Each structure stands twice: as structure tokens, then as C-alpha cells.
Amino acid sequence: MKILKVLYLWLIKLFSIFNVWRPKHKVIYVMSFDDNVHFIKQLAQQLPHRYQLAVLYRPNTEAAATDLAAFGITVRPFHDGLKFVFDNVSLLMSAKLIICDNYYAFLGGLVQSKRTKIVQIWHADGAIKKFGWEDPTTESRSRSDKRRFQQVYDHFDEYIVGSKAMGNVFVNSYHENFDRIKLLGYPRSDQYLSAEWQTNARERIFRAAPELKGHRVILYAPTYREHQDFKLPKGLGNALAADPNALVVVKLHPVLRDKEVPMRKIGNPKIKFYHELETSDLLAVADTLVTDYSSVAFDFSLLPNARSIIFFMFDLDHYQKDPGIQDDFLDWLPSKPVTKVDQLKQEIVNPVPIDFTKFNEHWNTYNDGKATGRVINRYLKFLESN
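Residues 1 to 386, numbered by UniProt numbering, are exactly what the sequence shown covers, in order.
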């Protein structure tokens, strides 16, 4: 498998060299999360005429890509493999600006022109869990793996973040210098601070799920656990539904939906499953968010309807080992985590309102509703500079 990875990156490097001569008239957004559709549309509308925008997208974001295509933006699905090398390396080598929302292995082989800037916009405006060099499991990886990881990290010229706290996460996780960190705000955060978006999101939810209106809504949205045998603890459904005046919405990652079965078997009409509804929209009607290590907490804290967050970390001991949790997380979490189902039940029945001011000052410092404009203006100046 490692030989195939090495060969794959070698082919990318070779095709990059063959295409290094290409004029730099493209802007490429590489998408594996559907968080920044509005930002991409705004960027497309404001690009100088000589530049063309294209989006390379992972299949899991096909709905967002379809929306962008309807808007007139060129979109292409991609997987790592030979087809990617033949179809997309030449496109990437014609880019003046490449914006990425995740770690992409192919960058490790791409020959980066001095005329091209690669920007990491990421897919979250805060981090509870660790990644990169901070992930405890990285230490056990081979030298060649570690070298490949750093080759990808070194391709990023700039990191767009909403706080110094998130900037320091990248400094530590990717072994980068803080001068590459750009305190511009996370574009997607703008929607949570928009009264218009809040109103429209609530209308979308209540149109699809009118039964939620007039109730305390508890949203359970745990993080996706990759490569882990994730099992919901016994009694979770009954604990979440302990408030007789509340309705509970369970929102698991699509690949974890089979884990809903125990709660569905309870047959409690107060526990709802709306796979068709967006988590971001559900945040706009939730009074209480129950999560664990998910970045959804950083989004929810910006909303005026946010009353409380319960960090239900039932697998905390294991998760601290793989993939790890930020060392200082207890210093800035807005509420103390709970690890037992009976503790969760008590928190549900007796919710404690939270003042998110300090939490947002720490993690959402530059998320003021104007991040999209600042980010676009910065890179328009870069595109127009030469």
C-alpha cells in the first residue's frame, strides 16, 4: 500500500513538471465539506474576468456541487488515483490560487509554482480534538508517512482562521510559523450571525418539521469517529428524552446511522430523526446542544437561541488516546463535560444557561459576520497584483 502511495505522489510530481508551463488563470476550490457554498458563490461573482473558478469535490459533497453547478460554476468530482492524475493535475497547475478545506494527500506530490498560492480554509472554526502532529497516533507512524504528512502541510502558504487559538492549533498540528496564519474569520460563520439566515433556517426547519415549533429542542450531534468501533451507551435515548416538555433531534454522521437503531427501538415519540435536514439549520431551532468533540459547538455558540451545551464525552479516556483532545480543553470549554448517562439525564432535566462570551472571545474572535468579505478581498488583491 505504501508503495502505491509513493508511486501515486511520484506520478503527480511528474505530471506537475509536464504542466508547469501552464498560464495561471484558474482559481481552484478543493471541497470535501459543504460548509462554504455561499463563500464560493461570492468568490465566483467577484473574480476578475481573466480568472475562472473550478471546484474539485469529493462525492460526499455532490449536493453542494450540484448547487454550485446550477450557479454556473465548473465542478468536477475526484478520487485519489490514476484518474485524478490524468484529469486534474493539469487543472491544478493552471491555478493562481488553490483553496483547500481539508488535508489532501495529493498536495504532497504537486510541484508548487512560485506564482501559485495555496490556502487552507479548513472546515471548522475551532478544535477540541487533535490532528496532524498533535494526534498521539502519529508518533507510531513510519518515517516515510511522517515525511509525506509534512510535505502536504508545507504546501499551504496561508491558513484562514477565526482566532489566535485556532491559529495556534495549526502552528502545533502542522509545524507551521504563525506568520502564515491569517486572522480573517471563518467565512461560514457569517451565516450564524445573520438575522436573515437565522429566520430562513428556522422557517426551513418548521416547514419540514412543524412539530418542533413551540417546544424546547435538544439536538444530539456527536462527532464522526473514524476507524473506531463507535457504540452509543445504553440508556442514552431515555436520558436525552428525560425532559417531558422537550423534543430530541438525533443527528448522527451518515456513516453512523446504523447506530440509531437502539434509540429507534425505544419507540419514544419525543425522539426524532430528520436525515433530510441540515445540521446547521437545526442549530437555529435548538435550545440545548448535546455533543462531544464536534466543532458544531463553535457554531452553535454564535446563535442567539443557544441556551446550553452539554459535552457528553462517554468515551473520554479512549478518545484522549486516539485521536487526542487539545491539552487545555478544560480551561475553555463553556461547561464541564459529563461522562455518564445518569449525569447527562440530570443535565437535560436541569439545564444550566451558559454565557458564551468568554468561549467566543477565545474561539470566535474574528467571526463577526464579515469574514467572507475580508477573505475575498485579501485574495482578490493577490489575484490582481500580478
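Backbone N, C-alpha and C define an ideal beta-carbon position, used for all residues, glycine too. Every value quoted in this text rests on a predicted model; they were computed, and no experiment measured them.
Check, Outcome
"Taking its Cβ as the centre, do 16 or more other Cβ atoms sit within 10 Å of residue 60, making it buried, or is it exposed?", "exposed"
"Rounded to a whole number of angstroms, what is the C-alpha to C-alpha distance between residue 415 and residue 321?", "Outside the displayed range of the chain (1 to 386) lies residue 415, so it cannot be described from this structure."
"By a C-beta neighbour count over all protein chains shown, 10 Å radius and 16 as the cutoff for buried, is residue 258 buried or exposed?", "exposed"
"Decide if residue 371 is buried, meaning its Cβ has at least 16 other Cβ atoms within 10 Å, or exposed.", "buried"
"Identify, in the order they occur along the chain, each residue of the same chain with its Cβ nearer than 7 Å to the Cβ of residue 356, setting aside the five sequence neighbours on each side.", "301, 306 and 334"
"Check residue 31 in the structure and name its three-state DSSP category.", "strand"
"Three or more beta-carbon pairs under 8 Å between the segment 74 to 94 and the segment 23 to 35, yes or no?", "yes"
"Since residue 288 sits in a beta bridge, which residues does DSSP pair it with?", "218 and 308"
"Anyone know if the C-beta pair for residue 250 and residue 271 falls short of 8 Å?", "yes"
"Consult DSSP for residue 52 and reduce its assignment to one of helix, strand or coil.", "strand"
"If contact is defined by three or more beta carbon pairs under 8 Å, each pair taking one atom from either stretch, is the segment 193 to 202 in contact with the segment 308 to 326?", "no"
"Return the first residue and the last residue of the alpha helix (DSSP H) that residue 201 is part of.", "195 to 208"
"Can you name, in chain order, every residue of its own chain whose Cβ lies under 8 Å from the Cβ of residue 54, other than the five neighbours on each side?", "26, 27, 28, 29, 73, 74, 75, 76 and 91"
"Any idea what DSSP makes of residue 77, helix, strand or coil?", "strand"
"If you run the structure through DSSP and keep just helix, strand and coil, what is residue 159?", "strand"
"The beta strand (DSSP E) with residue 251 in it runs from where to where?", "Premise fails: residue 251 is in no beta strand (DSSP E) and is neither H nor E."
"Per DSSP, what are the beta-bridge partners of residue 97 in this structure?", "27 and 117"
"Name the DSSP beta bridge partners of residue 181, please?", "159"
"Give the C-beta separation of residue 111 and residue 13 to the nearest angstrom, bearing in mind that I take them to be a contact with Cβ-Cβ under 8 Å.", "6 Å"
"Can you tell which of 128, 121, 303 and 247 has its C-alpha closest to the C-alpha of residue 195?", "303"
"Rounded C-beta distance between residue 181 and residue 155? I'm assuming under 8 Å.", "With a Cβ gap of about 16 Å, residue 181 and residue 155 do not count as contacting."
"Touching or not, the segment 345 to 363 and the segment 157 to 174, by the rule of three or more beta carbon pairs under 8 Å?", "yes"
"Candidates 173, 127 and 339: which alpha carbon is nearest residue 139's?", "173"
"List the endpoints of the continuous alpha helix (DSSP H) containing residue 371.", "371 to 385"
"For residue 117, is the beta carbon positioned less than 7 Å from some heavy atom of the ligand ADP?", "With respect to the ligand ADP, the structure shown offers nothing to examine, as it has no ligands at all."
"What separation, rounded to the nearest whole angstrom, lies between the Cα atoms of residue 43 and residue 267?", "46 Å"
"Within the chosen definition, does the segment 339 to 349 reach the segment 233 to 240 through at least 3 CB pairs nearer than 8 Å?", "yes"
"For the alpha helix (DSSP H) that contains residue 363, what are its first and last residues?", "357 to 363"
"Any idea what DSSP makes of residue 338, helix, strand or coil?", "strand"
"Based on DSSP bridge pairs, tell me the residues matched to residue 272.", "249"
"Closer than 6 Å by C-beta to residue 293: which residues in its own chain qualify, once you throw out the five before and the five after it? Chain order, please.", "128, 129 and 223"
"So residue 185 packs on residue 374, CB below 8 Å; how close in whole Å?", "6 Å"
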